[in-house]
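J.: Sharing a structure, written as structure tokens. Questions coming.
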Amino acid sequence: MAYESQREFVATLEAAGELKRVSVEVDPVLEITEFADREMKSPGGGKALLFEKCKGSNFPLLINAYGSTKRMAMALGVGDIEEIARELESLLKAKPPTSFKEAMSLLGTAMELRHAKPKSGGVLSSQFSVLSLKDLPIQKCWPGDAGRFITLPLVITRDPDTGARNVGMYRMQVIDDRTTFMHWQLHKTGARHWRRYCELKQRMPVTVALGGDPVYAFCASAPLPDGIDEFQLAGFLRKKSVELSGDVPLDCDFVLEGYVDPNEPPAMEGPFGDHTGYYTAPEPYPKFHIERIAARSDAIYPSTIVGIPPMEDFYMGTASVRIFLPVFKMTFNEIVDIALLAEGVFHNLVVVSIKKQFPYHAMKVMHGLWGMGQMMFSKIIVVVDADVNVHDTREVLFRLCANIDPQRDLVFTKGPADVLDHATPAIGFGSKLGIDATHKLPGEKDCRPWPPLVAMDDAVKKRVDALLRRLG
Ligand SMILES: Cc1cc2nc3c(=O)[nH]c(=O)nc-3n(C[C@H](O)[C@H](O)[C@H](O)COP(=O)(O)O)c2cc1C
Ligand SMILES: [Mn+2]
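Numbered by this note's numbering, the letters in the sequence shown go through residues 1 to 472 in order.
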């Protein structure tokens with residue numbers, strides 16, 4: 001289902017009892033974070049918050065709109081994320097791909113088949129009026145942050161060679177009324193476009209949209225391969241093409257148009273209280289020069305905060321894994337399920353369950369995952385047997401502790417790391433740990449015969465169920 005506007009999404013959340021309005025004046029400098037952090041840390045992720053009176057701005061601010069399993073599904077217009085995964089699975093089954101790349105290009109075709117192609121040539125409504133960055137209720141999130149940061153932007157760029165569009169979510173630190181930083185990290189598509197513009201010594205046009213159908217921000221954060229247009233995924237998910245004026249969705253709330261200049265040296269961005277739960281240190285990033293800012297008259301400013309988990313972005317990351325699990329399974333049909341545990345801050349701890357079929361099967365899966373797109377950032381991969389619920393941390397820890405011999409079952413390797421990880425010896429590079437917590441098979445070195453797991457007979461369980469019912 002497609003939302004006509006962010007406002008319609010807010011109304012839907014409110015009707016479902018998923019929204020709290022905050023009618024007192026609250027300061028986007030730190031105060032909104034404290035409200036939102038308490039909400040995000042409450043059971044199940046609390047409610048979405050709409051701050052109606054933001055100090056220093058006439059625009060309301062929406063936060064924690066994606067921050068629960070239910071709201072994340074609502075943002076994508078479904079009752080349950082699994083509906084999307086099942087649909088994708090059946091589309092892919094029609095012609096099983098033989099590689100991850102082929103799976104992704106099939107995904108593109110599947111999306112086109114669903115008429116998901118973005119429609120260009122629209123004209124932004126005349127309700128849009130021009131303003132300055134200081135009119136927006138941009139948050140300073142944490143006390144040690146370098147300033148105010150736009151946290152849910154859709155950063156739209158094009159590959160100068162192929163013209164392919166990319167939409168990425170890269171935070172933007174405000175420098176002044178018309179300038180921000182552009183925090184596209186080393187491994188991201190926006191950064192690759194930027195490096196190419198630098199080689200060509202050409203000014204890079206950048207457009208940033210905020211708001212609109214909530215599906216856009218999800219797609220901008222999703223780990224799509226370079227070359228696939230996030231607005232195409234959005235069209236597939238909302239079952240309706242994204243209508244664009246230039247590269248901007250017609251239904252968005254704010255538009256920031258400008259450029260990044262290859263002749264201008266990068267400057268120090270940050271510190272910023274990050275996904276990792278720690279402040280990331282200042283690093284050089286390019287500046288985004290804004291030539292025009294426009295807003296719909298009834299615009300709502302969308303925002304989020306990151307910090308010590310669990311936070312709103314946990315639900316966005318989990319939705320990505322749920323939706324793309326069928327694609328992983330296409331390449332690795334032994335994979336049953338994958339979880340990025342909340343405590344593991346996205347990639348730090350990945351748990352994968354497999355149908356183990358041969359000796360050292362777990363090792364094959366770890367190495368495969370380290371070679372797949374943004375899964376390369378995984379710091380620790382734990383492989384468990386098919387019967388383990390990977391989303392249940394207690395069950396995972398039990399199998400981990402019960403099934404491993406540390407010397408035998410740990411694999412150390414190296415690779416690219418998340419640039420935000422402060423614990424790696426160098427930025428963007430670090431060591432990796434794979435833990436094989438599966439049952440061991442004959443043929444695996446240094447193992448004795450594996451004992452069965454303790455479990456009750458089904459017949460006894462049924463008898464006791466019946467007895468308990470009689471007892472009331
Ligand atoms: C709230 C939030 C903030 C993010 N901030 C950044 C950021 O500042 N820089 C970055 O490179 N990635 C950031 N990400 C992750 C990217 O959006 C994500 O890796 C995305 O898949 C990148 O898309 P791309 O492959 O098209 O570059 C953020 C994600 C979320 C959910
Ligand atoms: Mn992309």
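Beta carbons: idealized from backbone N, C-alpha and C, even for Gly.
1) What residues are listed by DSSP as bridge partners for residue 26?
2) Determine the extent of the beta strand (DSSP E) in which residue 434 is found, giving its start and end residues.
3) Who are the Cβ neighbours of residue 308 in its own chain at under 6 Å, not counting the five residues just before and after it?
4) Since residue 407 is in the alpha helix (DSSP H), which residue starts that stretch and which ends it?
5) Could you spell out where the alpha helix (DSSP H) holding residue 193 opens and where it closes?
6) Okay, do the segment 21–31 and the segment 46–61 touch, 3+ Cβ pairs below 8 Å being the bar?
7) Quick one: is residue 209 buried, meaning 16 or more other Cβ sit within 10 Å of its Cβ, or exposed?
8) Identify whether residue 168 lies in helix, strand or coil by the three-state DSSP scheme.
9) Rounded to a whole number of angstroms, what is the C-alpha to C-alpha distance between residue 245 and residue 300?
10) Within 7 Å: the Cβ of residue 226 and any heavy atom of ligand 2?
11) If you run the structure through DSSP and keep just helix, strand and coil, what is residue 209?
12) Report all residues from its chain with a CB closer than 6 Å to the CB of residue 337; omit the five preceding and five following residues, and keep chain order.
13) How many angstroms separate the CA atom of residue 321 from the CA atom of residue 202?
14) If you drop the 5 nearest sequence neighbours on each side, which residues of the same chain put their C-beta closer than 7 Å to that of residue 200?
15) Look at the alpha carbon of residue 15 and the alpha carbon of residue 9, and state the distance between them as a whole number of angstroms.
16) Where are the beta strand (DSSP E) runs, 3 residues long or more, that stay fully inside the segment 217–302, in chain order?
17) Name the residue from 27, 19 and 342 whose alpha carbon lies nearest to the alpha carbon of residue 46.
18) If you draw a straight line from the alpha carbon of residue 450 to that of residue 366, how long is it in whole angstroms?
19) Residues in the same chain with beta-carbon distance under 8 Å from residue 283, minus the five sequence neighbours each way, listed in chain order, please.
20) Is any non-hydrogen atom of ligand 1 found closer than 7 Å to the C-beta of residue 313, if you look at the structure I gave you?
21) Residue 434: which of 157, 4, 351 and 219 sits nearest, CA to CA?
22) Can you determine whether any heavy atom of ligand 1 sits closer than 7 Å to the C-beta of residue 21, and answer yes or no?
23) For the alpha helix (DSSP H) containing residue 397, name the first residue and the last one.
24) Can you tell me the Cβ-Cβ gap for residue 216 and residue 249, rounded? I've got them flagged as a contact below 8 Å.
25) If I measure Cβ to Cβ from residue 30 and keep anything under 7 Å in the same chain, skipping five residues before and after, which residues do I get?
26) What first and last residue would you give for the beta strand (DSSP E) that runs through residue 63?
27) What three-state label does DSSP hand residue 308 in the structure shown?
28) Does any residue of chain D have a CB that is nearer than 8 Å to the CB of residue 341?
29) Given a threshold of 16 other Cβ atoms within 10 Å of its Cβ, counted over all protein chains shown, does residue 1 qualify as buried or as exposed?
30) Please indicate yes or no: does the CB of residue 230 lie closer than 7 Å to some heavy atom of ligand 2?
31) Can you name the start and end residues of the alpha helix (DSSP H) that residue 69 belongs to?
32) Quick check on the burial criterion: 16 or more other C-beta atoms within 10 angstroms. Buried or exposed for residue 37?
33) Leaving aside the five residues before and after residue 235 along the sequence, list all residues of the same chain whose C-beta is less than 8 Å from its C-beta, in chain order.
34) Please say whether residue 253 and residue 220 have beta carbons closer to each other than 8 Å?
35) If you follow the beta strand (DSSP E) that residue 88 is part of, which residue opens it and which one closes it?
T.: The structure says:
1) As a first step, residue 26 is located in the sequence shown; it is residue number 26 there, counting from the start. Bridge partners of residue 26: 54.
2) To locate residue 434, count along the sequence shown from 1; it is residue 434. 429–436 is the span of the beta strand (DSSP E), which, as asked, contains residue 434.
3) Numbered from 1 along the sequence shown, position 308 holds the residue referred to as residue 308. The answer, listed in chain order, is 277.
4) The residue you call residue 407 lines up with position 407 of the sequence shown. Here the alpha helix (DSSP H) through residue 407 covers 406–409.
5) If you number the sequence shown from 1, residue 193 lands on position 193. Note, residue 193: alpha helix (DSSP H), 189–200.
6) yes
7) By one-based count along the sequence shown, residue 209 stands at place 209. By the neighbour-count rule (16 or more Cβ atoms within 10 Å), residue 209 is buried.
8) As a working note, residue 168 is residue 168 in the sequence shown. Residue state, collapsed to three classes: strand.
9) As a working mapping, residue 245 is identified with position 245 in the sequence shown. As a working mapping, residue 300 is identified with position 300 in the sequence shown. Approximately 20 Å, taken between the alpha carbons.
10) For the purposes of this step, residue 226 is taken as the residue at position 226 of the sequence shown. Residue 226 Cβ: within cutoff of ligand 2.
11) As a working mapping, residue 209 is identified with position 209 in the sequence shown. Strand, per DSSP.
12) On the sequence shown, residue 337 is found 337 positions in, with the first residue counted as 1. Excluding positions up to five away in sequence, the list reads 353 and 390.
13) The count along the sequence shown starts at 1 and reaches residue 321 at position 321. The count along the sequence shown starts at 1 and reaches residue 202 at position 202. Approximately 36 Å, taken between the alpha carbons.
14) Within the sequence shown, the letter at position 200 stands for residue 200. Answer for residue 200: 160, listed in chain order.
15) Against the sequence shown, residue 15 aligns to sequence position 15. Against the sequence shown, residue 9 aligns to sequence position 9. Distance between the alpha carbons of residue 15 and residue 9 is about 10 Å.
16) 254–260, 267–269, 283–285 and 287–295
17) For the purposes of this step, residue 46 is taken as the residue at position 46 of the sequence shown. The shortest Cα separation from residue 46 among 27, 19 and 342 belongs to 19.
18) What you label residue 450 is simply residue 450 of the sequence shown in a count that begins at 1. What you label residue 366 is simply residue 366 of the sequence shown in a count that begins at 1. So the two alpha carbons sit approximately 22 Å from each other.
19) Within the sequence shown, residue 283 is the residue found at index 283, counting from 1. Closer than 8 Å at Cβ, skipping near neighbours: 268, 269, 270, 419 and 427.
20) Reading the sequence shown from its first residue, position 313 is the one you call residue 313. True, at least one ligand heavy atom lies under 7 Å from that Cβ.
21) For the purposes of this step, residue 434 is taken as residue 434 along the sequence shown, with counting starting at 1. Among 157, 4, 351 and 219, the Cα nearest to that of residue 434 is on 351.
22) For the purposes of this step, residue 21 is taken as residue 21 along the sequence shown, with counting starting at 1. No, since every heavy atom of ligand 1 falls outside the 7 Å radius drawn around the Cβ of residue 21.
23) Taking the first residue of the sequence shown as 1, we reach residue 397 at position 397. Note, residue 397: alpha helix (DSSP H), 393–403.
24) Here residue 216 refers to the residue found at position 216 when the sequence shown is read from its first residue. Here residue 249 refers to the residue found at position 249 when the sequence shown is read from its first residue. Rounded, the Cβ-Cβ distance is 6 Å, consistent with contact.
25) For this step, residue 30 is matched to residue 30 along the sequence shown. Around residue 30: 140 and 143.
26) Position 63 of the sequence shown, counted from the first residue, corresponds to residue 63. Taken as a continuous stretch (DSSP letters only), the beta strand (DSSP E) holding residue 63 covers 61–63.
27) Position 308 of the sequence shown, counting from 1, holds the residue named residue 308. Three-state result, residue 308: coil.
28) Absent from the structure: chain D. Only one protein chain is present.
29) Translated into the one-based positions of the sequence shown, residue 1 becomes position 1. That one is exposed.
30) Here residue 230 refers to the residue found at position 230 of the sequence shown. For ligand 2, at least one heavy atom lies less than 7 Å from the Cβ of residue 230.
31) Against the sequence shown, residue 69 aligns to sequence position 69. It spans 69–75 - the alpha helix (DSSP H) in which residue 69 sits, taken as one unbroken run.
32) Looking up residue 37 in the sequence shown gives position 37. Residue 37 comes out buried.
33) Numbered from 1 along the sequence shown, position 235 holds the residue referred to as residue 235. Contacts found: 111, 114, 115, 116, 117, 118, 241 and 242.
34) Against the sequence shown, residue 220 aligns to sequence position 220. Against the sequence shown, residue 253 aligns to sequence position 253. No, these two residues do not count as a Cβ contact at 8 Å.
35) The residue labelled residue 88 in the question sits at position 88 within the sequence shown. Careful: residue 88 lies outside any beta strand (DSSP E), inside the alpha helix (DSSP H) at 81–93.
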